[in-house]
Structures are given as structure tokens and as C-alpha cells.
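A.B. asks: Please see the structure below; I have some questions.
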Amino acid sequence: MRFLFSSKVSKCLAALAVVLSMLLLHGCWSHDQRQVVVYTSVDDIFARPVARLFEDRTDIKVRLVTDTEETKSTGLLNRLIAERNRPVADVFWSGDPVRAAVLKRQGVSQPYRSPAAKGLPPEYSDPEGYWTAFSTRARAIIYNTKNLAPNAIPHSIFDLNSPGLKGKACMANPLFGTTSMHAAALFQVLGKEGAEKFFNDFTANNGQILASNGDVRDSVAAGKCLAGLTDTDDINVAMSEKMPVGFAFPDQEGMGTLLVPNCAVLIKGAPHLSEAREFIDFLLGPETEEMLAASMAAQIPLRPSLKGPELYPPLSEIRSMKVDYSALAVTLEDIMKGFLKEWVDRNS
Amino acid sequence: MSLPAALLEDRGWWRGVGLGLILFISALPTLPLLAGVFFMPLDEMVDAAQKFLPLLASSMSTCVVGGAIALAAGLASGLTNTFYRYPGDLTIRSILLLPLVVPPLLWANGIRQQNFLASIGCNTGRPGLVFITAIVGTPLVMLATMTACRRLTPSQCSAARLAGGETRLLWLSARFAMPAAVSAAFFAMCLILASPGPGLALGTRTAVSEILLSFSALYDMQLAALQSVMLSVSVLVPAGLLLMLWGTGPMEMLATSSGRVVPVRHSAMSLSSLSLNLLLALLLCAAPLTGLVGPVIGGINTAAVTEVLMRTSLNTVLYSTGTALVATLAGCFIAFFMGKSQIHRKVGFSAMLLLFSLPAALPALGFLSASSSAPAWLDWLFRSRLAVCLVQGLKLMPLAALLTAGLFYSLPTSWVYAAELRGIPLVLFLRKVVLPMLLPTLVGSFTITFLLSAADTGTVLLLHPPGAQNLALAIFTIMANAPSALPAALGIFYVSMALLFLLVVNARSRNGAAIVKRSGAGVAEPSCHG
Chain R
31 MRFLFSSKVS
41 KCLAALAVVL
51 SMLLLHGCWS
61 HDQRQVVVYT
71 SVDDIFARPV
81 ARLFEDRTDI
91 KVRLVTDTEE
101 TKSTGLLNRL
111 IAERNRPVAD
121 VFWSGDPVRA
131 AVLKRQGVSQ
141 PYRSPAAKGL
151 PPEYSDPEGY
161 WTAFSTRARA
171 IIYNTKNLAP
181 NAIPHSIFDL
191 NSPGLKGKAC
201 MANPLFGTTS
211 MHAAALFQVL
221 GKEGAEKFFN
231 DFTANNGQIL
241 ASNGDVRDSV
251 AAGKCLAGLT
261 DTDDINVAMS
271 EKMPVGFAFP
281 DQEGMGTLLV
291 PNCAVLIKGA
301 PHLSEAREFI
311 DFLLGPETEE
321 MLAASMAAQI
331 PLRPSLKGPE
341 LYPPLSEIRS
351 MKVDYSALAV
361 TLEDIMKGFL
371 KEWVDRNS
Chain V
369 MSLPAALLED
379 RGWWRGVGLG
389 LILFISALPT
399 LPLLAGVFFM
409 PLDEMVDAAQ
419 KFLPLLASSM
429 STCVVGGAIA
439 LAAGLASGLT
449 NTFYRYPGDL
459 TIRSILLLPL
469 VVPPLLWANG
479 IRQQNFLASI
489 GCNTGRPGLV
499 FITAIVGTPL
509 VMLATMTACR
519 RLTPSQCSAA
529 RLAGGETRLL
539 WLSARFAMPA
549 AVSAAFFAMC
559 LILASPGPGL
569 ALGTRTAVSE
579 ILLSFSALYD
589 MQLAALQSVM
599 LSVSVLVPAG
609 LLLMLWGTGP
619 MEMLATSSGR
629 VVPVRHSAMS
639 LSSLSLNLLL
649 ALLLCAAPLT
659 GLVGPVIGGI
669 NTAAVTEVLM
679 RTSLNTVLYS
689 TGTALVATLA
699 GCFIAFFMGK
709 SQIHRKVGFS
719 AMLLLFSLPA
729 ALPALGFLSA
739 SSSAPAWLDW
749 LFRSRLAVCL
759 VQGLKLMPLA
769 ALLTAGLFYS
779 LPTSWVYAAE
789 LRGIPLVLFL
799 RKVVLPMLLP
809 TLVGSFTITF
819 LLSAADTGTV
829 LLLHPPGAQN
839 LALAIFTIMA
849 NAPSALPAAL
859 GIFYVSMALL
869 FLLVVNARSR
879 NGAAIVKRSG
889 AGVAEPSCHG
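Protein chains in written order, with this note's numbering: chain R, 31 to 378; chain V, 369 to 898.
Listed below in C-alpha cells is the structure:
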């Protein structure tokens, strides 16, 4: 043990302590290089290439903070809300409008009307400019092509409650992510009674509640379920991996399919305001929409003139659900603490 | 004026002050959120508590069953690894320790996709959760059993063998190590109780996943705080029973000794040991791992894997090193202040158990709130990698204290008074006598907390400086929609590094024991418990 207390070893330990301290504390002080801090709930695998392209195009370093799958963590949104008095983030790139609306209600965001938003349809964005929507996913039905007969393919969310899919339909936990947004949209469109009936019928039909949209995809691909509700990016990943699945945009003859656009949000008190605006301008530009369309995310551009993903038709060919995106956050808050929570508790 | 060495034997009020101060600092990040409970309307609090109670009871019962399995498996494995050498023991023991260093969520994902486990109904729901608890608990119990049994002397083992052969030896050793083994099983239960990932991955509602829901879906911090308090307090009940039963005996057992018992080759028992430990390794580790690694068979994108590793490796090492330093130092101070005073030890361990069983998100969110209220010149504390290390380190501090406290308790009184008679100041006594004895324990404590912190995602997600993820968090952020081979490849890398680390640690530990045996050295006063 003597060697551990020799002056040589003590000097090495001291040097190690200094290096460790420097590395641990690195990043606390301002840098000369321009930078923008972006928090995003978009999947890391899709968001990071966009951030890199922005870095290549500008001299601004993007410090990206991504989130885990919805149900696996306390969530980036909590981080944003907790930091609101002195934010670290400059921009929140949200995968859906509901999170953006929550931030608006919590006083975490500020309005910004980007000049780059030209050409983006305004109906998906906040009328007061607190978020701007671009590139959209859609809630779709995924089904197993091996085990489901063509004439049994569900074309409506209500088909998931049919006798033919008893015990074989699934959806992700509606307290999280895009499924929660879908639940809020159903309450808005169908009304309280209609929406509650849908969920209760789902339960009565022994529908399964899984942890996430990814689990829905995997479960249907494996044949454990025959059909389920998930997002179009999950479906695209499944099909690119040659899983035996197909998809349908639900309710094209009825209430339509829910679109889930990305949203760019400027954080109130952003430490790097001009860089944040530049990043949002870049996000809202046509190049980003095309990039997301060409990526594994297979997101459909909101600009009708842009080339969309190979797998999905343009927006003009999809009958979309008519929802008030701004009001969804309020609806969601009501049902989260009420029916939806009780429904999940009963069925898990 | 220097402090006298006899201070180590003193049971004065200063111990309570020191202990209270460190515990207060550890609890500080959680206090703002916990304080919110007191502002809840009473009827709302009662209603929320009534709804949460059945779930809490169900979660605890699931963990108790898993803990019982871990106790049986870990005790058997620990005893056989202590006394017998068998072919490949180093590798098998390292594999058995893997669940300690891999995030429980990764394990849960693995067992969910494993066909064999599905066929025996162990891969979802409550059976799956029981299985996960057993997976995480077995290595902890094994380690605790081995550490406790190493306090036996060779003459004690010989006497047991003479009295009734290997069976008698194992039976008496099991009785001897039981307090430490049960404490370790209980510790594993607390780990799983406070970890929301497995329940969510297996589609099972648990108490801690309900707390996560309150945070992240309902944004109801008061409710989450109330539920966290209920969870922590519920852990105190069995902890209190253990304290009444064994006092602080288990803590003494876990002070690492110099390894007087050295495993031997025995024709029949070595074969049995090999069979048992191989079976456990296959069932508890290999089976879940095959579920994780299946996707890489089709090929991997090495460029993508390299990019993630380059981005996260340094951060992983930094966070783990910093956390281990904080946890070990804090644990050491706690152990010093607890000393030999029974009341301080009981209060200290109860308080630490309370803190340990709180969900990791609570102190992290508290720290976040503090950071946004603090002035910018304090960013080096609140908004750096140091913040992650502090919060993680204080969370794991009870583990380090548990390992260290036993040695301070068993420090021979005669040594202390001999130093006092010679006028040797406390600092010199600590440096020249206590620290060399403490070093193996400190190294063990550092190693365990290093590995446990590498697996953390919750605290890192909330506190890491933008762009400074660790590998575990990177795996969980990309696994949503990345090609399945990518997170699988990263998972394999993670597990391989952990296995390598464990192999090195195990090899050095065996070499250390061999050196001690050859030199004939050991702690001056043999113990004879049980």
C-alpha cells in the first residue's frame, strides 16, 4: 500500500483530479462559437441529421437534446417546464402540436412568425404564433399481412373493435405521446360519449394496451396482434425492415385520419435568440420538409408542391380529421385526469 | 490543536450533527418537490393515497416474491463461489454480475422478446416483473454472501467440515451470511421498486410507473411527490423489521475483509457449483441477452455505431467516475459519522433507505428547478456534468455507506486507545491505519457505484448539459425508430464492456486473496458471528 501514498502517485492523482474537474465543469462558460440548444421530442435518428445539415450550412453549433420513448422517462417537457425561469433551451422541436400547446399554456414559449413559414398551411399552427407546424406524420392502422385476410383489413378505428379482431387489436398507452393526442382528437370530434364508447368497446373486445407505438408495430409484425394503431414513421420503419405488415389510413370515408405535424417552438428567454430564429427558419424551410420526407421518418410535407415519401400519398389525397389543434391541449388535460386515466387503470 | 484518535470511540452529539448535515445535503434536491405535499388539500391527499395504496401493495408483493427467489439463488451461488473452484468460475461469476450494470429496462426488453421465457410465461406482466427482480437481486445477494463468508476463518471452515462435511459447512455458512444476504435481497427490491422501466416495458402497472405517469403525463408534481413519499415510507416498514431482527449486523458483514477463505477444488462440489452457476447464468443472463442481440444477426451499420460511441464514451466515463467519487466520499463520511454508535447507525441507515427508495426523477427535477432560480455564476454547479455526478452520487451514496460502515464499526478499540496513548492525532491514525484497511472497501464501493451509474438514464436525461449524453441514454433515445440492429449493437457493446470490466475486477480480487493467503496476513482479530 506504500506506493499509493508516495509523492509520485499523489502527483498523478492530483493531475487526474484536475483533468476530471476540467472535463466535468466543461461547458459551463460561454463559448465564442455560435450555438443553439435544441430540445426535441422527435426521434433522435430523424432529428440528428437535420441538426447536422444546419451546422454544415451555418457556423452555428447545434446542441441537441433528444427524448426517450414516451413512457420510459420523466420526459423532456418536464425539463423545459422546470427550467422556465432561466431556460437552457432555445428551441423546442416538437413531434406533435399538443406538447407545443402545453408549453404555451405553461408560459414556456414565445411567439415567432418565421419568414420561412411561407407556403405552410396555417390551420395546423397556432394562430398567435406560439408554434408553427411543418412536416406531418399520421395516425394509421398497421396490420399483419400474413395472418389477416385481405377482406378483414380494418379501414376504420372502429373496426379494431370488431369481433374478427377480438383480443387481437392493440394500441399504445393513451396517456402518452401521439396516442394521447389521438385520444384528445377523438373526444373533440366524436364528443365525450362517442369517444368513451370507442374506448370501452375496445376494452370489451379485449384490445391490448402496449407500452409504445414501437411495441404496437413489433407486436403486429410478430403476429401477436393482428392490427393496431400507430404512427406512419413506425410503419415506414417496419416496412423498410421487410416486416410482414401493411397499413391503412383510417376513416377515409368518415371522420378522416388524424395528422400529427411537427412544430417549431421558440423558448421564452432563449439564451441564443438570433441563432434560435435561424434554426427555426431552417426547420420551417422546404429543404427540411423534403429531407424528413426522404428519411426513415417518411414525414409528409405540408407544402403541397414538395416531393413526399415514397410510401405515402400526398396530403391532398388523404382525408384528414378536422381538429382544432390549439384546443387539443385543453381537451387532453381534462381527459387525462378523468376518463382516460381511469380507463387505463381499469385495463392494465 | 489536533483531534485525538479516541474521537473514533466517542458517541458524542457531533456525530448526529455531521450525519444530519450530510443527509440534509443529500435530501436537499428533493425537498422543494416533497414540500409540495404539505400544500395539498387534505381530502385530495387522502383520495390520492387511497387510490395509490393497492398499487403500492401489489408492487411490493411482486418485488418480495422476486426478492425471495433472488435470495435463494444468490445465496446458493454465493456460497458455492466462496468455497469451491470450478472451470470457468471467473467468467461465469462475471456473467452473473452483469444484471447489476445493465439498466433493468434493457433486461426487461430482452426478456420480452425471448421465446423460451415466453413459453414458461416469464416474459410479461407480474411474472416478468418477478423475474426481473430475481435477475437484479441474484448478483447482489451473491456478492453480499461472498463478502460475508470471507469473514470466516479457515479454522472455522475446517471445524464445520469435520462436524458434518461440506453440507454442514454450507448450512452453517448460509446461516452466518443470511443477514447480509437478506439485506442485499431487500436492497434489490428497493432498486426495482424505484425503477419504472421494467414495469412499463412488460406492460405492468407498478407504483413507480404510476409516479412517472404523474410527472410526465399529468404534470402533477404534488401528486407525484405524495406517491414518492408513500413509496419511500412503505420501504421503511420491512427495513425496520430487518433492523429489529439483526440490528446493524449485516453492515459489519459487508465490510470487505482480506479474504481469508480461499475457494478450493472439490470433485463433487465443484461439479455441483459449476452446474448451479451455469444454470443461473444461462437463465438469468444469457436468455434475456439473446432477446436483445437477435437483431444484429442481419448486419449492423458500423459507421452509425461508431458515431454514437464517439459521441458518448467520454461522457459515460466522466459521469460514472464523478458519480463514484461523490458516492464513495459521501458514503465514507457517513460511515465515519455513524461510527460505532448504534442509534446513529440505525437512524442513518433508515434515513438513507428513505432517500434511496425515492424515484431518481425527484432529486433531478428538484435540482433542475433550483438551477433555473440560481444565478448564472452557479452554472458550474447546476448546469454542468458535475450536476449529474452530484445527483447520481448522492442517490447511490447509501450503497457506498453500507459497504464502508461495517469497517468503522469493527475497528478494534484497542488500536484506537493505543494510538491515543501514544498521542497520535486522528488525522494521522486515519491516514496510516484506517485508510489502508478501508482501501479495498473503497475500491469495491467505487466499482459498484461506477457501474450502476453508467446504467442510469433518468437523471442524465434531465440534467445533462446539451450534447453530453451517456451511452445508456443514447441507446434509449435511438431505440424508438432506429433500425433494430443499431440499438442492439450498442447494447452488445455496452454489455461487453461491462463484462470485461467485471472480469478484470474479479481476476484482481482473486489475485488479491491469493496474495493474502500466501503472505498469511489478515485482520488482527478474527470474528466469530453466527
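Backbone N, C-alpha and C fix where the C-beta goes; we use that ideal spot for every residue, glycine too.
1) Which parts of the stretch 161-198 of chain R are runs of the beta strand (DSSP E), unbroken and 3 residues or longer, counting only runs that do not cross its ends?
2) If you reduce the DSSP assignment to three classes, tell me which class Ile-264 (chain R) lands in.
3) Helix, strand or coil, according to DSSP, for Thr-501 (chain V) in the structure here?
4) Using a Cβ-Cβ cutoff of less than 7 Å, which residues in the same chain neighbour Gly-338 (chain R) once the five nearest sequence positions on both sides are dropped?
5) Quick one: grab the DSSP three-state call for Lys-91 (chain R).
6) Using CA atoms only, rank isn't needed, just tell me which of R:Phe-369, R:Gln-282 and R:Trp-123 is closest to Ala-214 (chain R).
7) Chain V partners of Glu-113 (chain R), CB-CB under 8 Å?
8) If you pair each beta-carbon of the stretch 794-801 of chain V with each one of the stretch 743-762 of chain V, do three or more pairs fall below 8 Å?
9) According to DSSP, which residues form a beta bridge with Cys-431 (chain V)?
10) Should the stretch 801-818 of chain V be regarded as contacting the stretch 682-701 of chain V, the criterion being three or more beta carbon pairs within less than 8 Å?
11) For Asp-264 (chain R) and Ala-202 (chain R), what's the separation of their Cα atoms in angstroms?
12) Among the candidates V:Ser-370, V:Pro-855 and V:Pro-766, whose CA atom is the shortest distance from the CA of Thr-338 (chain V)?
13) With the cut-off set at 8 Å, would you say Phe-84 (chain R) and Phe-309 (chain R) are in Cβ contact?
14) On the DSSP bridge list, what partners appear for Tyr-452 (chain V)?
15) Check each candidate in V:Leu-568, V:Gln-595 and V:Ala-545 and name the one with the smallest Cα separation from Leu-402 (chain V).
16) Taking 8 Å as the CB-CB limit, is Arg-628 (chain V) close to chain R?
17) Among V:Lys-714, V:Ala-836, V:Ser-864 and V:Leu-580, whose alpha-carbon lies nearest the alpha-carbon of Leu-754 (chain V)?
18) Is there a Cβ from chain V that is less than 8 Å from the Cβ of Gly-244 (chain R)?
19) By DSSP's criteria, Val-275 (chain R) is part of a beta bridge. Which residues make up the other side?
20) Using a Cβ-Cβ cut-off of 6 Å (strictly less than) and excluding sequence neighbours within five positions of Leu-468 (chain V), which residues of its own chain qualify?
21) Quick check on Trp-59 (chain R): buried or exposed, where buried means 16 or more other Cβ atoms within 10 Å of its Cβ?
22) Which of the three DSSP states, helix, strand or coil, is assigned to Ile-297 (chain R)?
23) Just curious, the alpha helix (DSSP H) that Trp-123 (chain R) is in, first and last residue?
24) Under the rule that 16 or more other beta-carbon atoms within 10 Å means buried, what is Pro-397 (chain V), buried or exposed?
25) Take Ser-638 (chain V) as the anchor and find which of V:Ser-582, V:Pro-455 and V:Phe-724 has the nearest alpha-carbon.
26) Would you call Gln-760 (chain V) buried or exposed, if buried means 16 or more other Cβ atoms sit within 10 Å of its Cβ?
27) Are the beta-carbon atoms belonging to Tyr-173 (chain R) and Val-250 (chain R) less than 8 Å from one another?
28) Would you call the stretch 642-660 of chain V and the stretch 440-448 of chain V touching, i.e. three or more CB-CB distances under 8 Å?
29) When you compare only the Cα positions, how much space is there between Cys-653 (chain V) and Pro-522 (chain V)?
30) Name, please, each residue of chain R whose Cβ falls closer than 7 Å to the Cβ of Ile-846 (chain V).
31) Establish whether the CB of Leu-586 (chain V) and some CB of chain R are separated by less than 8 Å.
32) Return the Cβ separation of Gln-590 (chain V) and Met-408 (chain V) in integer angstroms, given the expectation that the two are a contact with Cβ distance under 8 Å.
33) Over what stretch of residues does the beta strand (DSSP E) that includes Ala-238 (chain R) continue unbroken?
34) Within 8 Å, do at least three Cβ pairs link the stretch 666-684 of chain V to the stretch 340-355 of chain R?
35) So, is Asp-824 (chain V) buried or exposed, given that buried needs 16 or more other C-beta atoms within 10 angstroms?
36) Contact defined as beta carbons within less than 8 Å: I believe Tyr-69 (chain R) pairs with Ala-112 (chain R). What is the distance between those atoms, to the nearest angstrom?
C.D. replies: The relevant details are as follows:
1) Runs of the beta strand (DSSP E) lying entirely within the stretch 161-198 of chain R and spanning at least 3 residues, in chain order: 162-174.
2) Note that residue 264 (chain R) is Asp in the sequence shown, not Ile. If DSSP states are grouped into helix, strand and coil, Asp-264 (chain R) belongs with the helices.
3) The answer is helix: DSSP assigns Thr-501 (chain V) an H, G or I state.
4) Within the same chain, and ignoring the five residues on either side of Gly-338 (chain R) in sequence, the residues whose Cβ sits closer than 7 Å to its Cβ are Ala-323, Ile-330, Pro-331 and Pro-344.
5) Note: Lys-91 (chain R) maps to strand in three-state DSSP.
6) Sorting R:Phe-369, R:Gln-282 and R:Trp-123 by C-alpha distance to the C-alpha of Ala-214 (chain R) places R:Phe-369 at the top.
7) What Glu-113 (chain R) touches in chain V, judged by beta-carbon distance under 8 Å, is Leu-736, Ser-739 and Ser-740, going in chain order.
8) Contact check between the stretch 794-801 of chain V and the stretch 743-762 of chain V: fewer than three CB pairs, one atom from each, fall below 8 Å, which does not count as touching.
9) According to the DSSP secondary-structure assignment, Cys-431 (chain V) is paired through a beta bridge with no residue.
10) Touching, yes.
11) A straight-line Cα-Cα distance of about 12 Å links Asp-264 (chain R) and Ala-202 (chain R).
12) What the structure shows of chain V is the stretch from 369 to 898, and residue 338 (chain V) is not part of that stretch, so it cannot be assessed.
13) With a cutoff of 8 Å on beta-carbon distance, Phe-84 (chain R) and Phe-309 (chain R) are scored as near each other.
14) Per DSSP, V:Val-632.
15) From the listed residues V:Leu-568, V:Gln-595 and V:Ala-545, the smallest Cα separation to Leu-402 (chain V) is found for V:Gln-595.
16) Chain R contact via Cβ: absent.
17) The shortest Cα separation from Leu-754 (chain V) among V:Lys-714, V:Ala-836, V:Ser-864 and V:Leu-580 belongs to V:Ala-836.
18) Answer yes: the Cβ-Cβ gap between Gly-244 (chain R) and chain V drops below 8 Å somewhere.
19) Note: Val-275 (chain R) sits in a beta bridge opposite R:Asn-174.
20) Setting aside the 5 residues that flank it on each side, Leu-468 (chain V) is surrounded in the same chain by Pro-507, each with a C-beta closer than 6 Å to its C-beta; the list follows chain order.
21) In this prediction, Trp-59 (chain R) has a pLDDT of 47, which is less than 50 and means its spatial position is unreliable; nothing more can be read from the coordinates.
22) Here Ile-297 (chain R) sits in strand by DSSP.
23) Unbroken run through Trp-123 (chain R) is the beta strand (DSSP E), 121-124; no alpha helix (DSSP H).
24) With 16 or more other Cβ atoms from the protein chains shown falling within 10 Å of its own Cβ, Pro-397 (chain V) counts as buried.
25) Distance from the Cα of Ser-638 (chain V) is smallest, within the candidate group V:Ser-582, V:Pro-455 and V:Phe-724, for V:Pro-455.
26) In the assembly as shown, Gln-760 (chain V) is a buried residue. Its beta-carbon has 16 or more other beta-carbons within 10 Å.
27) Contact: yes.
28) The stretch 642-660 of chain V vs the stretch 440-448 of chain V: in contact.
29) Rounded to whole angstroms, Cys-653 (chain V) to Pro-522 (chain V) spans 33 Å at the Cα level.
30) Residues of chain R passing the Cβ test: Asp-74 and Ile-75.
31) Closer than 8 Å: yes.
32) That belief holds up - the Cβ atoms of Gln-590 (chain V) and Met-408 (chain V) are roughly 5 Å apart, short of 8 Å.
33) Contrary to the premise, residue 238 (chain R) reads as Gln rather than Ala in this sequence. Its beta strand (DSSP E) spans residues 238-240.
34) When C-beta atoms of the stretch 340-355 of chain R are compared with those of the stretch 666-684 of chain V, fewer than three pairs fall below 8 Å, so the two segments do not count as touching.
35) Label assigned to Asp-824 (chain V): buried.
36) Wrong, their Cβ atoms sit about 12 Å apart, outside the cutoff.
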